[in-house]
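Going letter by letter, the sequence shown gives residues 522 to 794 in this note's numbering. Glycine is no exception: its CB is placed at the ideal position from the N, C-alpha and C atoms. Beneath this line is the structure, given in structure tokens, with notes to follow.
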Amino acid sequence: MAVDPSAQIHPTAIVAEGASIGAETSVGAYSIIDAEVVIGCRNRIGPHVVITGRTQIGDENEIFQFASVGAVPQDLKYHGEPSRLEIGNRNKIREYVTLQPGTEGGGMLTSIGNNNLFMACTHVGHDGKVGNYNVFANGAGLSGHVEVGNHVVVGGMAGIHQFVRLGDYGMLAAGAMVGKDVPPYCIAQGDHAELVGLNQIGLQRAGWSSEDLGLMRKLFRQVLCGEGLFKQRVMAARAQYQGHAAAEFFLDFLLSSERGIMPARRRSGEESE
522 MAVDPSAQIH
532 PTAIVAEGAS
542 IGAETSVGAY
552 SIIDAEVVIG
562 CRNRIGPHVV
572 ITGRTQIGDE
582 NEIFQFASVG
592 AVPQDLKYHG
602 EPSRLEIGNR
612 NKIREYVTLQ
622 PGTEGGGMLT
632 SIGNNNLFMA
642 CTHVGHDGKV
652 GNYNVFANGA
662 GLSGHVEVGN
672 HVVVGGMAGI
682 HQFVRLGDYG
692 MLAAGAMVGK
702 DVPPYCIAQG
712 DHAELVGLNQ
722 IGLQRAGWSS
732 EDLGLMRKLF
742 RQVLCGEGLF
752 KQRVMAARAQ
762 YQGHAAAEFF
772 LDFLLSSERG
782 IMPARRRSGE
792 ESE
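Right, dumping it as structure tokens:
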């Protein structure tokens with residue numbers, strides 16, 4: 522392990538012997554990098570950042586002042602096991618963000634993908650799995666074992682319960698309290714949050730056609746707002762929409778849920794725009 526000669530380390534920063542820092546990475550004033558940390562190339566680490574534990578960081582990330590990366594999990598069952606935190610490339614980690622490693626009860630690993638934005642004061646708990654291109658607004662909190670897909674938007678001060686999954690292109694409104702899985706493409710809002718429809722704007726920005734949006738609106742109403750047993754509705758929809766990739770992805774997510782699917786708001790049956 523070594524510090525690359527091209528890395529720029531502020532004189533007041535503390536880099537423990539054994540840490541690895543890649544080419545063209547900068548470390549700001551009074552930041553602390555502990556001995557088992559591995560940091561890739563072209564990262565920008567601001568002042569007063571603490572990176573500790575068995576943390577591995579990829580390339581071209583930005584970590585702003587007062588972030589805490591890799592500190593021991595907030596789990597009373599944790600007793601010093603050699604768990605890890607892995608962060609990919611091109612993430613933006615803003616002020617006072619807390620990212621914690623895994624535990625023995627969850628595979629010993631917290632993993633964060635690429636191109637995510639963690640706004641100020643957001644939290645990713647132990648054993649979390651975060652994909653790519655997600656946005657977490659100020660104060661959003663992910664409890665332990667939460668799984669987030671890709672292109673998800675989590676509103677400010679939203680809270681996600683342990684073991685919840687958030688599907689691709691989903692959106693949580695500000696302040697949403699989420700206790701069940703949120704399927705792909707859906708919007709959830711409210712205390713004891715409910716599904717209120719498709720994330721239509723997000724899907725349009727992702728290039729979805731009006732035909733695909735119409736099909737998914739129909740599928741949403743059919744499966745999440747229909748009559749009869751939930752699993753029977755899902756299985757009937759699988760037969761009906763066989764060969765449609767987005768529909769199959771949506772239905773597979775529903776069938777694989779262990780915590781349960783968030784209920785849909787039924788007052789009108791219409792999607793939020």
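Alpha-carbon to alpha-carbon, residue j and residue i
{"i": "residue 526", "j": "residue 659", "result": "36 Å"}
{"i": "residue 720", "j": "residue 555", "result": "41 Å"}
{"i": "residue 580", "j": "residue 611", "result": "6 Å"}
{"i": "residue 701", "j": "residue 530", "result": "44 Å"}
{"i": "residue 769", "j": "residue 569", "result": "46 Å"}
{"i": "residue 677", "j": "residue 553", "result": "28 Å"}
{"i": "residue 605", "j": "residue 577", "result": "8 Å"}
{"i": "residue 794", "j": "residue 725", "result": "Because the pLDDT at residue 794 is just 38, under 50, the model does not fix this residue reliably, and the value given afterwards should be weighed accordingly. C-alpha separation (whole angstroms): 11 Å."}
{"i": "residue 533", "j": "residue 587", "result": "15 Å"}
{"i": "residue 634", "j": "residue 561", "result": "14 Å"}
{"i": "residue 731", "j": "residue 722", "result": "11 Å"}
{"i": "residue 616", "j": "residue 637", "result": "14 Å"}
{"i": "residue 708", "j": "residue 697", "result": "10 Å"}
{"i": "residue 614", "j": "residue 750", "result": "43 Å"}
{"i": "residue 545", "j": "residue 528", "result": "5 Å"}
Same chain, Cβ closer than 6 Å to residue i, five either side skipped, listed in chain order
{"i": "residue 675", "result": "657, 661 and 693"}
{"i": "residue 607", "result": "577 and 632"}
{"i": "residue 558", "result": "540, 572 and 576"}
{"i": "residue 627", "result": "648 and 666"}
{"i": "residue 781", "result": "701"}
Contacting residues, own chain, Cβ-Cβ under 8 Å from residue i (five flanking each side not counted)
{"i": "residue 727", "result": "672 and 690"}
{"i": "residue 599", "result": "593, 624, 625 and 647"}
{"i": "residue 524", "result": "530, 536, 540, 541 and 542"}
{"i": "residue 758", "result": "740, 743, 744, 768 and 772"}
Spatial neighbours of residue i in its chain, beta-carbon cut-off 7 Å, leaving aside the 5 residues before and after
{"i": "residue 745", "result": "716 and 785"}
{"i": "residue 776", "result": "755"}
Contact under 9 Å by Cβ, residue i with residue j
{"i": "residue 771", "j": "residue 704", "result": "yes"}
{"i": "residue 564", "j": "residue 538", "result": "no"}
{"i": "residue 679", "j": "residue 695", "result": "yes"}
{"i": "residue 667", "j": "residue 641", "result": "no"}
{"i": "residue 738", "j": "residue 764", "result": "no"}
{"i": "residue 601", "j": "residue 585", "result": "no"}
Whole-Å CB distance - residue i paired with residue j, under 8 Å assumed
{"i": "residue 621", "j": "residue 645", "result": "7 Å"}
{"i": "residue 767", "j": "residue 733", "result": "6 Å"}
{"i": "residue 574", "j": "residue 591", "result": "4 Å"}
request  = Decide if the stretch 684-693 is in contact with the stretch 661-672; the criterion is three or more beta carbon pairs, one per stretch, under 8 Å apart.
outcome  = A contact between stretches requires three or more CB pairs, one per stretch, nearer than 8 Å, and the stretch 684-693 meets this requirement with the stretch 661-672.
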